[in-house]
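Heads up: the sequence shown begins at 427 in this note's numbering, then just goes up one per residue.
We treat Cβ as the ideally placed atom computed from N, Cα and C, and that holds for glycine.
Fair warning: this is a prediction, and the values are worked out from it, not measured in the lab.
The structure appears right after this line, and notes come after that.
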Amino acid sequence: MIVVQTPLRLSFFGGGTDFPSFAETEEGCVLSSAINKYVYVIIKERCDHKIRVGYTRTELVDCIDEVQHDLVRESLRLAGILRGVEISTMADIPSTGSGLGSSSAVTVGLLNAMYHYLSDPCDRDTLARRACEIELDILQRPMGRQDQYIAAYGGQRLIRFMRSGSVEVQSPAVPCQKWEQLCDRLLLFFTNVTRDANTILHEQARNTNGRNCYLRMIKQLVQNGQDALQAGEFDEFGRLLNQGWALKRQLASKVSNETLDQLYCTALSAGALGGKIAGAGGGGYLLLYCRPQHQDSVRSALSNLPELRFRFESDGSKVILNYRRSN
């Protein structure tokens with residue numbers, strides 16, 4: 427039995443510039459961090475030739491083509507595992523529509539578990555590239571490539587998407603202490619709204635060429651945000667989040683709605699300086715920047731929303747149990 431733990435993530439700046447339609451012409455860039463909330467994948471051998479998959483439902487099938495969970499099916503196919511396995515996935519958050527990169531964390535975790543199961547582990551870059559292959563190329567999902575890379579690498583990362591198609595993963599020149607100070611000023615609330623990001627992302631992908639002016643400004647916020655952190659100007663980082671959210675709303679019509687706008691305005695009125703809806707928008711988690719002295723006021727104003735307390739995570743996808751029974 428092998429158990430793999432893969433972190434979820436918060437994307438601060440640059441979301442949308444990681445779409446191939448933008449990155450292949452102007453280069454994309456994002457600033458994001460893994461957090462200590464996880465997706466878990468368990469894989470073990472079966473005594474027969476069937477494939478059993480457990481998630482919010484259970485599948486028991488005879489061959490790969492019958493597996494309905496598309497990420498599991500294509501991961502099995504890519505890894506070359508044809509039969510005789512049990513796979514289970516579970517997460518620390520709602521399984522869909524969170525905005526915290528759970529889909530890509532599942533894909534990276536599945537591949538990591540499967541390659542260790544085959545005693546053929548691969549490096550972080552290979553995990554991320556193969557997860558992108560499954561989600562973007564095989565399944566044709568309308569999305570960028572940041573989630574797969576932050577899930578594989580973990581930590582706090584500046585990720586550049588080059589015109590050539592290559593990806594550069596860097597650690598920003600920001601001391602760990604300043605990242606911790608930033609984390610102390612971030613709050614995360616579940617909006618009680620889950621959504622299918624594909625609808626928003628399809629529209630965003632269609633709009634890319636006509637919204638490049640907004641994407642360029644979103645890309646510039648990556649450098650501005652890094653500069654603010656390096657200088658210890660945390661409040662400026664919060665204000666930049668607010669700018670980024672305003673720009674992201676221009677990329678697709680369903681990024682926000684009346685309910686989310688009201689929640690955000692309530693948080694700002696209670697003392698938050700900035701924030702954003704995580705991921706594609708439309709629901710999921712609301713990330714807020716708030717000075718420590720105002721956090722109780724914000725929590726009180728949003729008392730109907732569950733809070734997800736978190737810290738930044740340094741590790742990417744990793745095996746936390748590898749038990750092989752001797753014959």
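- Boundaries cannot be given for residue 588, as no alpha helix (DSSP H) includes it and DSSP labels it neither H nor E.
- Restricting attention to 704, 725 and 744, the CA atom closest to the CA of residue 526 is found in 704.
- When secondary structure is reduced to three states using DSSP, residue 554 falls in the helix class.
- Sixteen is the threshold: when 16 or more other Cβ atoms of the shown chains lie within 10 Å of the Cβ of residue 716, as they do, the residue is buried.
- According to DSSP, residue pairing for residue 736 in a beta bridge does not occur.
- For residue 539, the closest of 573, 589, 504 and 564 by C-alpha to C-alpha distance is 504.
- Rounded to whole angstroms, the separation of the alpha carbons of residue 601 and residue 667 is 20 Å.
- Selection 607, 683 and 689 evaluated against residue 656 yields 607 as nearest (Cα-Cα).
- Taken through DSSP and simplified to helix, strand or coil, residue 638 comes out as helix.
- When the five nearest sequence neighbours on each side are left out, the beta carbons in the same chain lying within less than 8 Å of the beta carbon of residue 450 are those of 589 and 591, in order along the chain.
- One thing to note: residue 614 has its Cβ no nearer than 8 Å to the Cβ of residue 464.
- Comparing C-alpha distances from residue 644 to each of 670, 653, 658 and 654 shows the shortest one belongs to 670.
- In terms of Cα proximity to residue 427, the closest of 731, 468, 730 and 676 is 468.
- Looking at the DSSP output, residue 455 bridges to 586.
- Following the DSSP letters along the chain, one finds residue 702 inside the beta strand (DSSP E) bounded by residues 700-703.
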